[in-house]
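Heads up: the structure comes next, in structure tokens.
Residue numbers (full-length UniProt numbering): 1 to 142.
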């Protein structure tokens, strides 16, 4: 009897945990005013519509990605006007191959829906911010 009850509790706990994980993966959450977590289909639609912006590519199991997310929130809270889309690479493998993403974390810059630059060196807030400004200035001819 005890084994059956314990098994039911374990199964119930695991199902509850699985629902929470799926909910987190499927939900769109706005990390802040400019960072938006989107799905592959939403990203594809934005790029097909010719949108401009930075795509932050991450994996939920990547320790370095967590640190970069913290740095991006600092950049987001600054007075800079960068807009970010956040994409989980594990949910967009076709796009990751077509964009030739070498590793995560990565920042990609799109202008009019076309890939203009990739950044993999994301070690400090100042370095990221400086490189982002430089890329946008180069692409926009400033």
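Yeah, the Cβ is synthetic: ideal placement off N, Cα and C, and Gly gets one too. Quick caveat, the model's predicted, so the values are computed rather than measured.
Taking residue 63 as part of the alpha helix (DSSP H), name the residues at either end of that continuous run. Here residue 63 refers to the residue found at position 63 of the chain shown. In the DSSP assignment, residue 63 falls within the unbroken alpha helix (DSSP H) covering 63 to 77.
Measure the C-alpha to C-alpha separation of residue 53 and residue 113 and round it to an integer number of angstroms. What you label residue 53 is simply residue 53 of the chain shown in a count that begins at 1. What you label residue 113 is simply residue 113 of the chain shown in a count that begins at 1. Approximately 9 Å between the Cα atoms of the pair.
Please look up how many angstroms separate the CB atoms of residue 128 and residue 75, rounded, as I've assumed it's under 8 Å. Counted from its first residue, the chain shown places residue 128 at position 128. Counted from its first residue, the chain shown places residue 75 at position 75. About 6 Å separates the CB atoms of residue 128 and residue 75; that is less than 8 Å, so the two are in contact.
Helix, strand or coil, according to DSSP, for residue 92 in the structure here? Residue mapping note: residue 92 aligns to position 92 of the chain shown, counting from 1. Here residue 92 carries a coil assignment [DSSP, helix/strand/coil].
Out of curiosity, what's the CA-to-CA distance linking residue 40 and residue 106? For the purposes of this step, residue 40 is taken as residue 40 along the chain shown, with counting starting at 1. For the purposes of this step, residue 106 is taken as residue 106 along the chain shown, with counting starting at 1. Approximately 16 Å between the Cα atoms of the pair.
Opening and closing residue of the alpha helix (DSSP H) in which residue 43 lies: Reading the chain shown from its first residue, position 43 is the one you call residue 43. Its alpha helix (DSSP H) spans residues 40 to 48.
If you run the structure through DSSP and keep just helix, strand and coil, what is residue 9? As a working note, residue 9 is residue 9 in the chain shown. Residue 9 falls in the helix class under three-state DSSP.
Whole-angstrom Cβ separation of residue 139 and residue 116, contact assumed at under 8 Å? Indexing the chain shown from 1 puts residue 139 at position 139. Indexing the chain shown from 1 puts residue 116 at position 116. Their Cβ separation, rounded to whole angstroms, is 5 Å, which keeps residue 139 and residue 116 in contact under 8 Å.
Measuring straight from C-alpha to C-alpha, what distance separates residue 95 and residue 56? Reading the chain shown from its first residue, position 95 is the one you call residue 95. Reading the chain shown from its first residue, position 56 is the one you call residue 56. Rounded to whole angstroms, residue 95 to residue 56 spans 13 Å at the Cα level.
Distance check for residue 119 and residue 8, CA to CA, integer angstroms please. As a working note, residue 8 is residue 8 in the chain shown. As a working note, residue 119 is residue 119 in the chain shown. Here the alpha carbons of residue 119 and residue 8 stand approximately 48 Å from one another.
Which first and last residues belong to the beta strand (DSSP E) in which residue 108 is found? Locating residue 108 in the chain shown gives position 108, where the first residue counts as 1. Per DSSP, residue 108 belongs to the beta strand (DSSP E) from 106 to 111.
Between the alpha carbons of residue 126 and residue 109, how many angstroms are there, rounded? Along the chain shown, read from residue 1 onward, the residue named residue 126 stands at position 126. Along the chain shown, read from residue 1 onward, the residue named residue 109 stands at position 109. Rounded to the nearest angstrom, the two C-alpha atoms are 18 Å apart.
CB-CB length for residue 85 against residue 46, believed under 8 Å: Position 85 of the chain shown, counted from the start, is the residue given in the question as residue 85. Position 46 of the chain shown, counted from the start, is the residue given in the question as residue 46. Contact between residue 85 and residue 46 holds, with the beta-carbon distance rounding to 7 Å and staying under 8 Å.
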